[in-house]
Every structure is written in structure tokens, then in C-alpha cells.
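K.L.:
Sharing a structure with you now.
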Amino acid sequence: MEKNTDGNHQERTAHGGETIIEVRNLTKKFGHKLVLDNINLSIEKGKTTVIIGPSGCGKTVLIKHFIVLQRPSEGEVYFKGRRVDNLSERELNEVRTQFGYLFQEGALFDSMTIAENIMFPIRQHMKIRDWREVDEVVKMKLAMVGLDGFQNYFPARLSGGQRKRAALARAIALNPEVLLYDEPTTGLDPIRSDIINELVLKLERELGVTTVVVTHDMKSAYKVANRIIMLHNGKVVADGNADHIRNHPHPVVQQFINGQVGEDDLAVLRMSGSAGSSQFLPRDFQ
Amino acid sequence: MIAALGAKAIQDVVNAGQFGRFAWRSTVTSIRGCTRKSTYPLIWTQMFLIGVHSVPVIMITGAFVGMTLAVQAYDQLAGMGLEEHLGVLINISVVKELGPVLAAVMLAGRIGGALTAELGTMNVTEQIDAVRSMGTDPVRHLVAPRLLACLLLTPVLTIFADMMGVVGGALVSFLQFGINSRAYWMFSASAVAMWDVSIGIIKAFFFGGAIAVISCYKGFNCREGAHGVGEACTEAFVASFISILALDFALAVIFKSIYEIFWPVKSIVS
Chain A
1 MEKNTDGNHQ ERTAHGGETI IEVRNLTKKF GHKLVLDNIN LSIEKGKTTV IIGPSGCGKT
61 VLIKHFIVLQ RPSEGEVYFK GRRVDNLSER ELNEVRTQFG YLFQEGALFD SMTIAENIMF
121 PIRQHMKIRD WREVDEVVKM KLAMVGLDGF QNYFPARLSG GQRKRAALAR AIALNPEVLL
181 YDEPTTGLDP IRSDIINELV LKLERELGVT TVVVTHDMKS AYKVANRIIM LHNGKVVADG
241 NADHIRNHPH PVVQQFINGQ VGEDDLAVLR MSGSAGSSQF LPRDFQ
Chain B
1001 MIAALGAKAI QDVVNAGQFG RFAWRSTVTS IRGCTRKSTY PLIWTQMFLI GVHSVPVIMI
1061 TGAFVGMTLA VQAYDQLAGM GLEEHLGVLI NISVVKELGP VLAAVMLAGR IGGALTAELG
1121 TMNVTEQIDA VRSMGTDPVR HLVAPRLLAC LLLTPVLTIF ADMMGVVGGA LVSFLQFGIN
1181 SRAYWMFSAS AVAMWDVSIG IIKAFFFGGA IAVISCYKGF NCREGAHGVG EACTEAFVAS
1241 FISILALDFA LAVIFKSIYE IFWPVKSIVS
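The listed protein sequences correspond, in order, to chains A and B.
Residues 1 to 286, numbered by my numbering, are exactly what the first sequence covers, in order.
Residues 1001 to 1270, numbered by my numbering, are exactly what the second sequence covers, in order.
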């Protein structure tokens, strides 16, 4: 670990690159439920890291800690070597402008048009002298996600894929250094999913951003990832590139990437009874 | 049993603390918001939604309060031959008590419910998190304009309710009971002072603040799903209603004390 001139710690990841986000001994509990269990990991600058894992394993909670939308129960979060989990909301506002966050359902403001949604962070953080310039920026951001011409649409009028792309345009409005994607392809058909994957790659290439994607879509993960991390029961069970994950010996990893149901889950299903015994038949009403 | 009670008590204390912090933050942020020009368009929008749209319903409420008071009180006063004093009873009740309280209750239902539902939906669809993720304080952007609009407009709406209450009461007194209008207004003017009207308006200011803070808090902390939003709206209305009544009592006591302190001074001056 090297010390910077400003007193912050700058670290290199195990993969040799420069660390931009780091979590140390991160534990998160909701009441008595343990969601993240002593996680240690660092995200490499300029690379695409994909976090995979079954639903409810804590992937979204983990990336929400990166931007401190959630505070750890225990442990620490660092951004560019500066500890951020203990900052006040006011101090965090400045840190958060360096992030773009694509929410699972887009989280577009439904009372605003798409253009107003994209203008929102610009209005909040930039001094606007010429509104035509802002319109140009909005047009450019929408063009990057292939939605130029949709400025005056309200989110409700867009399809699921368009909404995600519009939300992505909003996420890149402030030219962030880090883009966090929360299940960007969930609920989309395979073609729309691939469009989103191409966009992830395009934005990484053109903007040079650090990308963190949370997904359980393995096709998407293999396509965009430089590195894949798998979470299971709140712990990291696998960490490496696509080949490393494909050949990982851990049975949980193999089950997940091949989409196979485990013996434990099957046992639960068998215990639930047969289909015939769990539905009403005409004779039940006679 | 004891453990459950203890846990519930601790949770209630935690909730009260969270609400206190939220209320304090909202107040401080709103005061700061007054000095920031960028907040003004947000306040105008909320003032339009909260104020302009509420005028008809508030005026109707006020008018019926005055009219009902006239109908209820006439027989008692007429029995004593004091029917010309009906205006005193109606007008003092309207401007001091029933106008502000019933207008606030109506606003708690109309505005409070809408605020909670809007912010609750934003909460469950992660729109509030989206505001935070873009480096903006959601209290500054979402709560402060609503709180300021409620603080400024509840007194104004109360004046509308009072006016309509006075007019409604007078119309019933004149048209239905045939009371002499000159005597009615003369007795009213001698009994209802500026102090009484001011009390009602100051009360409305506090009621407006309570409605906004409670409704926004419930919206920000609502549980997931349609059921969660519905539950938050109900809780917000009940809590606002109780707060209005509790504040009404507390302010009545305070204003009475103030009046008793300053009443001798008033007598000396006049």
C-alpha cells in the first residue's frame, strides 16, 4: 500500500490494477438477517467487474455500499483511497457525483420528461449559463444510448428497455468515473438485453469509466466482464475472469453458471406435495 | 410478554427519535432553502398544487362550519332572547377554533395523503435513492419545498375557511332566522378582536408544518409495495389528525397564558 501526498491510501488490486473502490470486512445486517458477511474486495479502475449470484444473495446491497446508499453494519468502504462510509450525507453528495447508478427498474422520475430527468443532475451540480448547451448535452447523452428524439416523452410511455436506456443516459449526465449497473438486463428480451450489454461495453470504451455490473444473467456477465465475482449467502465464493469462473471447482458456482437447481432446493419442492394434491379438482366442488 | 413489550417500547423510542431528526433536518433545510433561489421554482409548484387546488374544498368546509354553527346555536340563544348575539358565537368559534382545525383536517386528508402517496411511491420505486445517488439531498429537493408551501399556505387557506364560515353563518342567520343584520355585525365586531383572528392563523401555521413533516416522513419511510404505500397514507392521516388536535390544545393553553399576561396592559393602553 502506498501513501498519497494527500494522506489517502492508494492500493493496487490483486490483479495489478489501481483500486478505485475497496470494501474491508464489510458486514451488513437488516435486523437479525445477515446479508453481507465480512466481505473484502477491491474494484479495479477502468475495468468492468461483474457481481453475480442468486437472487437475494446481497449483490444490490453490496453495490449500494459502494455509493453509500447503504451504510455498513461493520467494516469500511473506500473510494479513491478515502474512507466514505463514515461521511455525512452532505459530504457524500460530492462523492456521489463521481458515480452513475443505473437502478434495477430505472428509477426515472415519472413526473418529469426524459429530458428533464437527464437535466436533473446537471441542474443540481452545474452553473447553467446557456440552456441551449444543456439541451445539446441532453441530446448527446440520449444519442449515446440510442434514444435521441425521446426528449419530451414521459417514462410511462417508454418500454422497459427504453426506460433502462433513458436511465443510463441520466446516469452518465455528469460524466461519472464509475458506473454501477443494478441488474441492467433483468426483465428484457434477449435482443434488448444484448443492446444493454453493447451499451455497457460502448460506455466503458468511449467514456473510460470503471464499471460494476450486478446481474444473474450469465450471458451478459461473460460478454462484458473483465472480472467476475460470485456472491453466495453474503460471502464471496469465486473471483476471477470468465474462464476462471467457468472452470471453478465450487459446486455452487457450477450450479449457478449452468442454471441447475440444487439437491436441497429439489428436496424442498418434493416436500411441497405433488401437483395433483395441491389443486382443486371438479370432485372437490360436488 | 415483557420482552415483547420492551422491544415495542424500544422501537417506539427509536421511531420517535428518527422522526425528531427528520423534522429537525427538514426545518433547518427549509430555512436554508428560503435563501436559495434554485428552491423557489420547486416551492411555487408545490404552492400551486397544495394551495390553489385546495381552495374550493377549504371554502366549502368553512361555509358548512359557519352554517351548521348557526343552526345549532340559534335555539339556545333565542330561548334566552339573545339571538342577535348569534354572530359572536359563530364568528369567534370559526376564526379561533373550528376554521383552523377543520381546514387543517381537510388539508391533512387532501394534501397529507397526496404527499405521502407521492413520496411513498418514489421511495418504493427507488426514485428517492436515485436523487441521493445523483448527489442531491432528497430532503432539500423533496421535503423543503413541500414543507415551505404548507407553512405558507395553510394560514392563507385558513383565512379562506374563516371568511366562508363567517359568510355562511351570517347567511343562515339572516335568511333562515331573520336576525337583524346590523345588530348581528355590531355584536360580532365588539366580541371578535384581531387577537382572535391572529390566534387562528398562527395555529394554522403550526398545523401546516405538522401535516407536511408527518406526511413526508411517512412517505420516506413507507414499506414496500402498494400495501405499504396505502398503510403509510393511513398512518400519515391519523398521525396528522392527532397532532392537529394536540397542537390545538397546546397552543390554546399557550395563547391563553399570553393573553392573561398582556390583558392588563391592553386595558391600561385603551
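A virtual CB, placed ideally from N, CA and C, is assigned to each residue, including glycine.
Report the neighbours of B/G1273 on chain A: residues whose CB is nearer than 9 Å to its CB, in chain order.
P.N.:
The displayed coordinates of chain B run from 1001 to 1270. Any statement about residue 1273 of chain B would go beyond what the structure contains.
K.L.:
Would you kindly work out how many angstroms separate the C-alpha atoms of A/I191 and B/A1103, rounded to a whole number?
P.N.:
Start at 1 with the first residue of the first sequence, and residue 191 of chain A comes out as number 191. Start at 1 with the first residue of the second sequence, and residue 1103 of chain B comes out as number 103. Cα to Cα, A/I191 sits roughly 55 Å from B/A1103.
K.L.:
Judging by CA-CA distance, which residue of B/E1224, B/A1183, B/A1004 and B/V1197 is the nearest neighbour of B/E1083?
P.N.:
Within the second sequence, residue 1083 of chain B is the residue found at index 83, counting from 1. It is B/A1183.
K.L.:
Enumerate in chain order the residues of its own chain whose CB-to-CB distance from A/V137 is below 7 Å, with the five nearest sequence positions on each side excluded.
P.N.:
Sequence index remark: in the first sequence, residue 137 of chain A carries index 137 (1-based). The residues are I122.
K.L.:
Give the single residue among A/E18, A/Q70 and A/G17 whose Cα lies nearest to the Cα of A/V35.
P.N.:
Taking the first sequence and counting its residues from 1, the one referred to as residue 35 of chain A is at position 35. It is A/Q70 whose Cα lies nearest to the Cα of A/V35.
K.L.:
Using the Cβ count rule (16 or more neighbours within 10 Å means buried), how would you classify A/F285?
P.N.:
To locate residue 285 of chain A, count along the first sequence from 1; it is residue 285. That one is exposed.
K.L.:
Give the straight-line distance between the Cα atoms of B/V1055 and A/P155, rounded to the nearest whole angstrom.
P.N.:
Numbered from 1 along the second sequence, position 55 holds the residue referred to as residue 1055 of chain B. Numbered from 1 along the first sequence, position 155 holds the residue referred to as residue 155 of chain A. Distance between the alpha carbons of B/V1055 and A/P155 is about 31 Å.
K.L.:
Excluding sequence positions up to five away, which residues of its chain have a Cβ less than 6 Å from the Cβ of A/L168?
P.N.:
On the first sequence, residue 168 of chain A is found 168 positions in, with the first residue counted as 1. Counting only Cβ-Cβ distances below 6 Å, and skipping sequence neighbours, we find L102 and V145.
K.L.:
So B/C1150 and B/I1031 are supposed to be a Cβ contact under 8 Å. How far apart are they, rounded?
P.N.:
Locating residue 1150 of chain B in the second sequence gives position 150, where the first residue counts as 1. Locating residue 1031 of chain B in the second sequence gives position 31, where the first residue counts as 1. B/C1150 to B/I1031, Cβ: 15 Å. No contact.
K.L.:
Taking Cβ-Cβ distances shorter than 7 Å, what residues in chain A pair up with B/T1125?
P.N.:
Within the second sequence, the letter at position 125 stands for residue 1125 of chain B. Here the neighbours are E105 and A107.
K.L.:
Thinking C-alpha only, which one of A/H125, A/N93 and A/A143 is nearest B/D1129?
P.N.:
Mapped onto the second sequence, residue 1129 of chain B falls at position 129. Closest by alpha carbon: A/N93.
K.L.:
So, are the CB atoms of A/R96 and B/M1134 less than 8 Å apart?
P.N.:
Taking the first sequence and counting its residues from 1, one reaches residue 96 of chain A at position 96. Taking the second sequence and counting its residues from 1, one reaches residue 1134 of chain B at position 134. Going by C-beta atoms, A/R96 is nearer than 8 Å to B/M1134.
K.L.:
Going by DSSP in three states, B/T1061 sits in which element: helix, strand or coil?
P.N.:
Along the second sequence, read from residue 1 onward, the residue named residue 1061 of chain B stands at position 61. B/T1061 falls in the helix class under three-state DSSP.
K.L.:
Is A/A173 closer than 8 Å to A/I118 when the C-beta atoms are compared?
P.N.:
Along the first sequence, one-based indexing puts residue 118 of chain A at 118. Along the first sequence, one-based indexing puts residue 173 of chain A at 173. Contact: yes.
K.L.:
Mind pulling the chain B residues with CB within less than 8 Å of A/G67?
P.N.:
Working through the first sequence from its first residue, we reach residue 67 of chain A at position 67. According to the sequence as given, residue 67 of chain A is Ile; it is not Gly. Near A/I67 (Cβ distances below 8 Å), the residues of chain B are S1133.
K.L.:
Is the shortest distance between the beta-carbon of A/E18 and the beta-carbons of chain B less than 8 Å?
P.N.:
As a first step, residue 18 of chain A is located in the first sequence; it is residue number 18 there, counting from the start. Chain B, which has no Cβ nearer than 8 Å to the Cβ of A/E18, makes this no.
K.L.:
In whole angstroms, what is the alpha-carbon distance linking A/N241 and A/L147?
P.N.:
Taking the first residue of the first sequence as 1, we reach residue 241 of chain A at position 241. Taking the first residue of the first sequence as 1, we reach residue 147 of chain A at position 147. Their Cα atoms are separated by approximately 32 Å.
K.L.:
Would you mind stating whether A/D182 and A/I67 have Cβ atoms separated by less than 8 Å?
P.N.:
Locating residue 182 of chain A in the first sequence gives position 182, counting from the first residue. Locating residue 67 of chain A in the first sequence gives position 67, counting from the first residue. For A/D182 and A/I67, no; Cβs fall outside 8 Å.
K.L.:
Scan the region 1154–1172 of chain B for residues whose Cβ lies nearer than 7 Å to a Cβ of chain A and list them as they occur along the chain.
P.N.:
So the list is empty, because no residue satisfies the distance condition.
K.L.:
Using a C-beta to C-beta distance shorter than 7 Å, which residues of chain B count as neighbours of A/E198?
P.N.:
In the first sequence, residue 198 of chain A corresponds to position 198, counting from 1. Under the 7 Å cutoff, chain B gives no residues; its nearest Cβ is about 24 Å from A/E198.
K.L.:
At a CB-CB cut-off below 7 Å, which residues of chain B make contact with A/E89?
P.N.:
For the purposes of this step, residue 89 of chain A is taken as the residue at position 89 of the first sequence. Per Cβ cutoff of 7 Å: D1137.
K.L.:
Would B/I1146 and B/L1098 be called neighbours here (beta carbons separated by less than 8 Å)?
P.N.:
The residue given as residue 1146 of chain B occupies position 146 in the second sequence. The residue given as residue 1098 of chain B occupies position 98 in the second sequence. According to the sequence provided, residue 1146 of chain B is Arg. The question's Ile does not apply to it. It is not a contact, given that the beta carbons lie outside the stated cut-off.
K.L.:
Return the chain-ordered list of same chain residues with a C-beta closer than 8 Å to the C-beta of B/S1198, the five sequence neighbours on each side being excluded.
P.N.:
Along the second sequence, read from residue 1 onward, the residue named residue 1198 of chain B stands at position 198. Here the set comprises nothing.
K.L.:
Taking the CB atoms as reference points, tell me whether B/L955 and B/L1148 lie closer together than 8 Å.
P.N.:
For residue 955 of chain B there is no data in the structure shown, the boundaries of chain B being 1001 and 1270.
K.L.:
Are the C-beta of B/A1004 and some C-beta of chain A separated by less than 8 Å?
P.N.:
The residue given as residue 1004 of chain B occupies position 4 in the second sequence. No, its Cβ sits nowhere closer than 8 Å to a Cβ of chain A.
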